[in-house]
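> Mind looking over this structure? Questions follow.
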Amino acid sequence: MLIGLISDIHGELPEQVHQVFEGVDRILCAGDCEDPRVLWELESIAPTIAVLGNCDRYMAHMVKLHGSVSPELGGVRFFMTHRPADIGVPAKDVQVVVFGHTHIPKDQMRQGVRYINPGSACFPRACHKPSVALMRIEDGQVRDVSFVELEQVRRCRF
C-alpha cells in the first residue's frame, strides 16, 4: 500500500502534487487546506482522510472534519492531528503519528512510534523546500518513508 502524506497547503494545491501522488492508494492530509476545493482535488487523486487544521475554521461549515482521526491502513494504526501540541500520548496500538502545523518535515522514532510531518506543500519554514511524503506499507509494517521536495511556486509567507 502506498500512502501520500500532505499538510499545510493553505489554499491551493500545487499541480506537482498530482504527479507525486499518482498511484497512491490513500492520502492523509494533516490539516490547513483553507479551502474545501483542495480536499475535493485530493479526493480526485485518491481517497483522502483529513483533519481540521487551525486555519481551516473558515471552511468548517462546508466540510465535516475532526480534530484527530485514528485510521488503520494496510494493517498499520495511525493517529493524525494537525498541531503537535494536540498529539498527547498515542494509544498503545498506534504505530504512526502524522501531524502538520510546523511546516517543517520530520520523520522520527520515539518509544516505538514513528512521528511524521510531511512539511508544507506550499509555505515551508526554516530553509526547507515545499514538500510532501510517500509511505509504503507492506505486511502490516511501514517499509519506507520518503520526502519529495516540490517546486517553489509561491514565496514563503512565514
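FYI, in our numbering the residues of the sequence shown are 14 to 171. Backbone N, C-alpha and C fix where the C-beta goes; we use that ideal spot for every residue, glycine too. Only a predicted model underlies this, so the values are computations on that prediction, with no experimental measurement involved.
What are the start and end residues of the alpha helix (DSSP H) that includes leucine 52?
Walking along the sequence shown from the start, residue 52 turns up at place 39. Residues 49-58.
> In three-state DSSP terms, what is valine 33?
For the purposes of this step, residue 33 is taken as residue 20 along the sequence shown, with counting starting at 1. Reduced to three states, the DSSP call for valine 33 is helix.
> With distance defined between alpha-carbon atoms, name the residue in Glu47, Lys77, Ser144, Pro103 nearest to arginine 127.
Here residue 127 refers to the residue found at position 114 of the sequence shown. The shortest C-alpha separation from arginine 127 is found at Pro103.
> Take the Cβ of aspartate 152 as the centre, count every other Cβ of all protein chains shown within 10 Å, and call the residue buried at 16 or more, exposed below.
Position 139 of the sequence shown, counted from the start, is the residue given in the question as residue 152. Classification for aspartate 152: exposed.
> Does the contact criterion of 3 or more C-beta pairs under 8 Å hold for the stretch 63-74 versus the stretch 83-103?
Enough Cβ pairs lie closer than 8 Å, so yes.
> Identify which residue in Gln121, Ala59, Val107 has its Cα closest to the Cα of glycine 17.
Taking the sequence shown and counting its residues from 1, one reaches residue 17 at position 4. It is Ala59.
> Just checking my contact of valine 51 with valine 145 at CB under 8 Å: how many whole Å lie between their CB atoms?
For the purposes of this step, residue 51 is taken as residue 38 along the sequence shown, with counting starting at 1. For the purposes of this step, residue 145 is taken as residue 132 along the sequence shown, with counting starting at 1. Not really, about 13 Å apart at Cβ, beyond 8 Å.
> Would you kindly check if the distance between the Cβ of valine 161 and the Cβ of valine 33 is under 7 Å?
Position 20 of the sequence shown, counting from 1, holds the residue named residue 33. Position 148 of the sequence shown, counting from 1, holds the residue named residue 161. It is a contact, given that the beta carbons lie within the stated cut-off.
> Which same chain residues end up closer than 8 Å to valine 37 when comparing Cβ atoms and leaving out the 5 residues on each side of it in sequence?
The residue labelled residue 37 in the question sits at position 24 within the sequence shown. Taken in chain order, the residues that qualify are Leu15, Ile16, Gly17, Ile58, Ala59, Leu147.
> Can you tell me whether aspartate 157 is helix, strand or coil according to DSSP?
In the sequence shown, counting from the first residue as 1, residue 157 sits at position 144. DSSP places aspartate 157 in strand when its eight states are reduced to three.
> Determine whether the beta carbon atoms of glycine 113 and serine 20 lie at a separation below 7 Å.
Locating residue 113 in the sequence shown gives position 100, counting from the first residue. Locating residue 20 in the sequence shown gives position 7, counting from the first residue. Yes.
> At 3 residues or longer, and completely inside the stretch 68-106: list those beta strand (DSSP E) runs for me, N to C.
Here the runs fully enclosed are 89-94.
> Taking glutamate 47 as the reference, which of Arg39, Val64, Leu41 has the closest Cα?
The sequence position of residue 47 within the sequence shown is 34, counting from 1. Among Arg39, Val64, Leu41, the Cα nearest to that of glutamate 47 is on Val64.
> Do leucine 41 and isoleucine 22 have their beta-carbon atoms positioned less than 7 Å apart in this structure?
To locate residue 22, count along the sequence shown from 1; it is residue 9. To locate residue 41, count along the sequence shown from 1; it is residue 28. No. Outside cutoff.
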